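Beneath this line is the structure, given in structure tokens, with notes to follow.
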Amino acid sequence: MLWQLVALKIYLNMNTLTNISPIDGRYQSQVEELGGYFSEMALMKYRLMVEVEYLIALAKETGVKEIKPISPVNQKKLRGLYEKFSLNDAKIIKKIESITKHDVKAIEYFLQKKLSSFAKASADKDKTNLDKYIPFIHFALTSEDINNLSYSLMWKDGLHSAYLNSLLDIYKNIVDMARKYKATPMLALTHGQTATPTTVGKELAVVAMRLSRQIKQLKNHSLQGKFGGATGTWGAHVVAYPNVNWLNFSSNFIKSLGLEPNLLTIQIEPHDSLAESYHLMNRVNTILIDFCRDTWMYISRGVLAQKNKPGEIGSSTMPHKINPIYFENAEGNLGIANAYFTHLAGKLPISRMQRDLTDSTVLRNQGVALAHSLLATKNILNGLSRLTVNKAQLQKELSENPEVLAEAIQTILRKLGHTDAYEQLKSLTRGQEMNLENIHNFVNELNIPKAEKDKLLKLTPETYTGLASKLVKLI
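One point on numbering: in our numbering, the residue at position 24 of the sequence shown is 673, and numbering is uninterrupted.
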């Protein structure tokens, strides 16, 4: 949202040169959209949202007879507190926290003050006294009831609203390139050695297919939430209102926020679903690391080239160079992100007894992990926009390695019953300097049907690509 970005810029005061983290310093402008989801101010807003929505839901519960449902007018006022959450509001909460030394309690006190001010100036037609709702703010809850929902919503919103669009752009770019170059032959290397021909498009399609599977899982993955009080027993709730179906109430409330209820927990939500999402991100990043490294090597081989951008400098001393810096930057940031995700996924599901506080400081870094991931995707997109296919180099590599046809020849010989087919081609090609004439001479001397011989003589490294171009249709 625009207000989130404006507030963040003010909040950061743009003093990026003095920040310790490169995410909030050098790269801040490239990941600033995440500030509306993962900054300290954003955390306050999400906590306030959960507190407000809980109060509205609690007031609707018929078993809680001390308060009436909050009128639409006052519901709008309450929701406006988080919908229009400002930098000044964040500063007020921070000032309260400096006294309470408790960040969630500071949100509660802030909401109490706002509710009191609304009560004094209430224009509610039924003259509902909003002061009566103050004792029911954060009623029977523990901080973790607010925190787990807030952190999951922050992650969900940041992932879907900011990050996924960039990842989808990478996927679409790779798909477009795969289709464009589906029939462009390329020499494939296995173990770094000459293997068989493929096509540029088919190799890109492999990456696209891998990403597609993970993107689908990211979109469909659901995050869990808990709302069961101090140690997940609804003890205080039941003492106060034994006739209320608290399991049903909590389930409906968690679902209303777009999360999946987890009704059997300790004080904290076990974070298993968050860990699943981090593992998904880890796999996405691993695929992208693989892609960056392969692209780097294709550029090094010369089969992929980079467009020259006027004014840009590749090396401080070697003017001729156009370095693959965007793929290198992306690879580095993807590695950092995965280090975070690995720790987050491994640490968060572990809590001593019914609760320890180690998850609290760790969870604050989920946005850092996503920021490094987002930064990487933007660098990959930048790198992709500069890529071109060097068809001359592709042709040169293929023509210099006619031995790639050995597989085809020995397979035809096997088909015709030659038990020593592999050995014949091994003797011909392994460790030998080959040219197409050598291959043709060998084929001409074979005692095989003319139709098979003609087929092999027409075969070239450029045409020996099998179903590669058709495979691109699978994406």
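C-beta: ideal position from N, C-alpha, C; glycine also. What you are looking at is a predicted structure, and each value in this text was computed from that prediction instead of being measured.
- The distance from the Cβ of G712 to that of V887 is about 11 angstroms, inconsistent with a contact at the 8 angstroms cut-off.
- If you draw a 10 Å sphere on the C-beta of A1041, you find fewer than 16 other C-beta atoms in it, and that means exposed.
- Pairing L1024 with Y676 gives a Cβ-Cβ distance under 7 angstroms.
- Short of 8 angstroms from the beta carbon of N1050, and not among the five residues preceding or following it, lie these beta carbons of its own chain, in chain order: L836, T843, M1083 and P1110.
- With a threshold of 16 other beta carbon atoms within 10 Å, K831 meets it and is buried.
- The segment 667-683 and the segment 1004-1019 touch, with no fewer than 3 CB-CB distances between them shorter than 8 angstroms.
- Bridge pairing for T1010: absent [DSSP].
- In the three-state scheme derived from DSSP, where H, G and I count as helix and E and B as strand, Q1015 is classed as helix.
- Ranked by Cα distance from L808, the options R859, S792, I903 and Q866 are led by Q866.
- Under the 10 Å beta carbon count, H920 is surrounded by 16 or more other beta carbons and is classified as buried.
- Beta-bridge pairing by DSSP links E909 to Q873.
- Counting only residues of its own chain and dropping the five nearest sequence neighbours on each side, L802 has a CB closer than 6 angstroms to the CB of Y695.
- DSSP places A1055 in the uninterrupted alpha helix (DSSP H) bounded by A1055 to K1064.
- In the DSSP assignment, V933 falls within the alpha helix (DSSP H) that extends over D921 to R950.
- With contacts defined by Cβ atoms closer than 7 angstroms, P973 and W945 form a contacting pair.
- Under the three-state reduction of DSSP, A837 is assigned to strand.
- For the pair of segments examined, the segment 870-882 was found not to touch the segment 931-942: the number of CB pairs separated by less than 8 angstroms stays below three.
- The beta carbon of T1060 lies closer than 8 angstroms to those of A1070 in the same chain, with the five residues before and after it left out.
- A direct Cα-to-Cα measurement between S766 and A889 gives close to 27 angstroms.
- In terms of Cβ geometry, E732 and Q916 do not form a close pair [threshold 7 angstroms].
- Secondary structure of Q724 (DSSP, three-state): helix.
- Setting aside the 5 residues that flank it on each side, N822 is surrounded in the same chain by L1033, each with a C-beta closer than 6 angstroms to its C-beta; the list follows chain order.
- Of the other Cβ atoms in all chains shown, 16 or more fall within 10 Å of the Cβ of I742; this residue is therefore buried.
- For L953, no alpha helix (DSSP H) segment is defined; the enclosing uninterrupted segment is the beta strand (DSSP E) at L953 to Q955.
- Note on geometry: alpha-carbon atoms of R1035 and D806 lie some 31 angstroms from one another.
- Counting along the chain, the unbroken beta strand (DSSP E) around V1038 starts and ends at L1036 to V1038.
- The alpha-carbon of A986 is positioned some 47 angstroms away from that of I1058.
- Secondary structure of Q916 (DSSP, three-state): coil.
- Sequence-distant Cβ neighbours of K904 in its own chain, meaning closer than 7 angstroms and more than five residues away, are P910.
- Annotation: the continuous alpha helix (DSSP H) that includes A979 extends over I974 to K996.
- Residue range G884 to A889 is occupied by the alpha helix (DSSP H) that includes A889, with no beta strand (DSSP E) assigned at that position.
- Annotation for Q761: the continuous alpha helix (DSSP H) segment containing it runs D752 to K769.
- Here DSSP, grouped into helix, strand and coil, assigns A844 to strand.
- A residue is called buried when at least 16 other Cβ atoms come within 10 angstroms of its Cβ; I748 does not meet this threshold and is exposed.
- Following the DSSP letters along the chain, one finds Y695 inside the alpha helix (DSSP H) bounded by residues E689 to K709.
- W804 and F687 have their C-alpha atoms roughly 8 angstroms apart.
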